[in-house]
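Colleague: In order, the protein sequences belong to chains C and U.
Under the numbering used here, think of the first position of the first sequence as 618, with each following residue one higher.
Under the numbering used here, think of the first position of the second sequence as 36, with each following residue one higher.
Just so you know, even glycine gets a beta-carbon here, dropped at the ideal spot from N, CA and C.
Quantities reported herein were computed from a predicted structural model and do not represent experimental measurements.
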Amino acid sequence: MQTFKGIKIVNGIAIGKIKVYKPAVYEINEDLVSDIAAEVQRYEAAIAKVQADQNALYEKEMKAGHKDTAGIFEAHAMMLDDEDLNDSCKEFISEGHTAEYAVREGFEAAAEMFRNMDDEYFKARSADVIDLKNSMLDVLFGADTANLQGTEPAILVAEDLAPSETVKLDKSLLLGLVTRMGSSNSHTAILARSMNWPTLIQCHDITDDCDGKFAILDAYNACIYVEPDQYLIDELTAKQAEDKAREAKLQLLKGQPSVTKDGRSVRLYANIGGPKDIQAVLDNDAEGVGLFRSEFVYLNSKEEPTEDEQFAAYKKVLEGLAPRLVIIRTCDIGADKTIDYMKLDKEENPALGFRAVRICLNRRDFFKKQLRALLRASAFGKLGIMFPMIISRWEVQECKEILEECRNELKAEGKAMGEIEIGIMIETPAAALCADELAQEVDFFSLGTNDLTQYTCAIDRQSANLERFSDTHHPAVLRLIRETIEAGHRHNTWVGICGELGADPTLTEDFLKWGVDELSVNPKSILPLRGNVRNVDLSKFKTESPAPKAEEPKPEPAKPKAEKPKGFFGRLFS
Amino acid sequence: MKEFKYVITDPVGIHARPAGLLVKEAKNFKSTATFIKGEKSAKATSLMKLMGMGIKQGDEVTIQIEGEDEEACAAALEKFMKENF
């Protein structure tokens, strides 16, 4: 048995024969030719053929509903129209070179330009040009590329796969994918994720002589076993069957309501980091977004992002996920996330320092840029705005005042805005203990359990020495969660959980029992969590001994919303 | 000659597919449109060169248009930039 290590892109197990995918290597004629007109004609015919192929791939992917992949081929067809590229190739031909030679030189130069760029996105475009070069050469050499994959189901091993190669693969014959090269940004990786094939990249050492050998791709352990022993075969076959059963079960949960056996429903939302996560939200059937970390707009640029830049990003997410509620957390940067343009002082104790809403309230102009962008984006979907790191009621009031100021400015400028919900993170013990007062200011609470645990227990989760003292289910934290939910409900403020505890299956029943309205988790955790929720039966608690245990307080009926002292929110939308 | 400036708001910058659409738009006019960022420049009809400028979010580009239909071309490109980048 041989074991080869790689980097896991998609989890899972594939069992079967290996097929080494080897595209043809062409021997290009370096001699000069005399019939230049004929070569130009061959070149133009090849361009037309490859362009038609790319357009056909575009149509195919669009029909299959893969918009992202379709866009790749649309861009390819456009690149083939590029005048500079065509002119440079034709110049080689006019010097007497063959069409094949011209394609190699011209396309390589274009690929080289992209390869030398700083930005990862543009760097990766060199692969597109190489893909087109290979397709051009296939046409010019009249090669038949149909059978590279073989005719049996197999684990495909390749140097790397270009998008047009990947999309031409017969998916029914593909058990898994292993490439020697590739990056997690490559098209192969993106496609593998969307198709959910068990996939390894950068499996540098796997050799071509594995072709035809029996193997198990164990992406969980980021390796492939070639000619594995019986013990491994038995173990991993069982694991694969388990995976398949679990996956089938999860797929059945799509479109199902997140409701307990006794009819209590809870909203399952996703935590996301930017527009790139829209697809994951949709694929995993999240009912909304409970935490959109707006940090990416600050961390991804060298200068402070403008209002328009922020607006574009927020609008994209709101539009892409409408009519779902999308809760965007305002800037949560601090001294531990260093951003040069913010010019923050170095702090001894950044977790307790100048961060999040504290920066925003002291730097009003900076804060207003984000709030104006958010309000403008609210015209394109259903927006919730959430303020982080709150400890006092006056902070919430000040945030709302500034928000109202922005709203009035935008109104005067004639900008469209939609209705919004306003909420705060409950992630400090101070906020949890003052939840009754804070609830009177907002529409919702979201419990940030990671920080709440860190601040309640005075434990830095990153510190390895503290592992023994750390307890993610510490009773103090659980009690703060329960009391926050109860306090929220006393004031008709709905309460969600967006920290890691939200996805903890051992706590789902408790959270539901305590009355949580929403759980926001990683997109991948949505369906498993829905499965948990649907297995919970709260009726057993209702029929238990009526003696009011300390653990079972009766929730007070929520007061009607109208009784809440209406400050900003009432004025804003009346 | 017409000229306008634009700050890119798209998170990925001037990337492949919308850049291709930009080229198509520019080809509808007789005028020559040129994108300028710092010392780099590219014609709006040249996809690869345009992408090769590596224009990213937050970059300010100057677009110069010269030709018989420069008014209409400038208006169309400005609209296109606002909608796509």
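Give the DSSP-derived three-state secondary structure of Glu95/U in the structure shown.
Modeller: strand
Colleague: Can we say the region 705 to 720 of chain C touches the region 651 to 663 of chain C, given the rule of at least three CB pairs closer than 8 Å?
Modeller: yes
Colleague: Could you list the residues in the region 87 to 118 of chain U with a C-beta less than 7 Å from some C-beta on chain C, going in chain order?
Modeller: Gly87, Gly89, Lys91, Gln92 and Gly93
Colleague: Use the C-beta contact count for Glu1036/C: other C-beta atoms within 10 angstroms, 16 or more gives buried, fewer gives exposed.
Modeller: Counting every other CB atom within 10 Å of its CB across the protein chains shown gives Glu1036/C a total below 16, marking it as exposed.
Colleague: Do Pro874/C and Lys933/C have their C-beta atoms closer together than 8 Å?
Modeller: no
Colleague: Can you name the residues of chain U whose CB is closer than 8 Å to the CB of Glu700/C?
Modeller: Thr80 and Ser81
Colleague: Among Leu790/C, Glu926/C, Phe1062/C and Ile632/C, which has the Cα closest to the Cα of Gly1040/C?
Modeller: Phe1062/C
Colleague: Mind checking who Leu908/C pairs with in its DSSP beta bridge?
Modeller: Asn888/C
Colleague: So is Met696/C in contact with chain U if we call contact Cβ pairs under 8 Å?
Modeller: yes
Colleague: When you compare the region 76 to 92 of chain U with the region 687 to 703 of chain C, are there three or more beta-carbon pairs, one atom per stretch, that lie closer than 8 Å?
Modeller: yes
Colleague: Against chain U, with Cβ distances strictly below 8 Å, would Met730/C count as a contact?
Modeller: yes
Colleague: Run the CB neighbour count on Ser1156/C, radius 10 Å, all protein chains shown included, and call it buried at 16 or more, exposed below.
Modeller: exposed
Colleague: Whether or not the region 1130 to 1139 of chain C and the region 910 to 928 of chain C are in contact is what I'm after, with contact meaning three or more pairs of Cβ atoms, one per stretch, closer than 8 Å; do they touch?
Modeller: no
Colleague: Quick check on the DSSP output: the beta strand (DSSP E) that includes Tyr41/U runs from which residue to which?
Modeller: Where Tyr41/U is concerned, the enclosing beta strand (DSSP E) stretches over Lys37 to Val42.
Colleague: In whole angstroms, what separates the C-alpha of Met734/C from that of Lys740/C?
Modeller: 6 Å
Colleague: Report the rounded CA-to-CA distance for Ile1143/C versus Gly793/C, giving the unit in angstroms.
Modeller: 25 Å
Colleague: Which term fits Asp755/C, buried or exposed, when burial requires 16 or more other beta carbons within 10 angstroms of its beta carbon?
Modeller: Buried: at least 16 other Cβ atoms inside 10 Å.
Colleague: Taking Val47/U as part of the alpha helix (DSSP H), name the residues at either end of that continuous run.
Modeller: It is not in any alpha helix (DSSP H) - Val47/U carries neither H nor E in the DSSP assignment.
Colleague: Counting only beta-carbon separations shorter than 8 Å, does Lys40/U have a partner in chain C?
Modeller: no
Colleague: Identify, in the order they occur along the chain, each residue of the same chain with its Cβ nearer than 7 Å to the Cβ of Leu991/C, setting aside the five sequence neighbours on each side.
Modeller: Tyr931, Ile945, Leu1000 and Ile1002
Colleague: Based on the DSSP secondary-structure assignment, which residues constitute the bridge partners of Arg972/C?
Modeller: Gly951/C
Colleague: Runs of 4 residues minimum, wholly inside the region 672 to 728 of chain C: which ones carry the alpha helix (DSSP H) assignment?
Modeller: 684 to 696 and 700 to 711
Colleague: Where do the ends of the beta strand (DSSP E) carrying Asp900/C lie?
Modeller: Taken as a continuous stretch (DSSP letters only), Asp900/C belongs to no beta strand (DSSP E), being part of the alpha helix (DSSP H) at Ile895 to Asp900.
Colleague: Report, in whole angstroms, the separation of the C-beta atoms of Val1138/C and Ala887/C, which I expect to be a contact under 8 Å.
Modeller: 7 Å
Colleague: Going by DSSP, what residue range makes up the beta strand (DSSP E) through Tyr638/C?
Modeller: Here the beta strand (DSSP E) through Tyr638/C covers Ile630 to Tyr638.
Colleague: Cβ atoms of Gly629/C and Val795/C: under 8 Å apart, would you say?
Modeller: No, the Cβ-Cβ distance between Val795/C and Gly629/C is not below 8 Å.
Colleague: Does the region 948 to 968 of chain C come close enough to the region 1009 to 1024 of chain C that 3 or more CB-CB pairs lie under 8 Å?
Modeller: no
Colleague: Exposed or buried, what is Ala1011/C when buried is set at 16 or more other beta-carbons lying within 10 Å of its beta-carbon?
Modeller: First, the amino acid is wrong: residue 1011/C is Trp here, not Ala. When all chains shown are included, Trp1011/C counts as exposed.
Colleague: Determine the burial state of Asp648/C: buried for a count of at least 16 other Cβ atoms within 10 Å of its Cβ, exposed for fewer.
Modeller: exposed
Colleague: Check whether the Cβ of Ala990/C lies closer than 8 Å to any Cβ atom in chain U.
Modeller: no
Colleague: Residues in the same chain with beta-carbon distance under 6 Å from Arg941/C, minus the five sequence neighbours each way, listed in chain order, please.
Modeller: Gly905
Colleague: Are the beta-carbon atoms of Met753/C and Glu776/C separated by less than 8 Å?
Modeller: no
Colleague: Provide the residue span of the beta strand (DSSP E) that contains Val1112/C, from first to last.
Modeller: Trp1111 to Ile1114
Colleague: On the DSSP bridge list, what partners appear for Gly1001/C?
Modeller: Ile944/C and Glu1038/C
Colleague: Put Lys114/U into one of helix, strand or coil per three-state DSSP.
Modeller: helix
Colleague: I believe Lys37/U touches Ile90/U by the beta-carbon criterion, under 8 Å. Please report the beta-carbon distance rounded to the nearest angstrom.
Modeller: At roughly 20 Å, the Cβ-Cβ gap does not stay under 8 Å, so Lys37/U and Ile90/U are not in contact.
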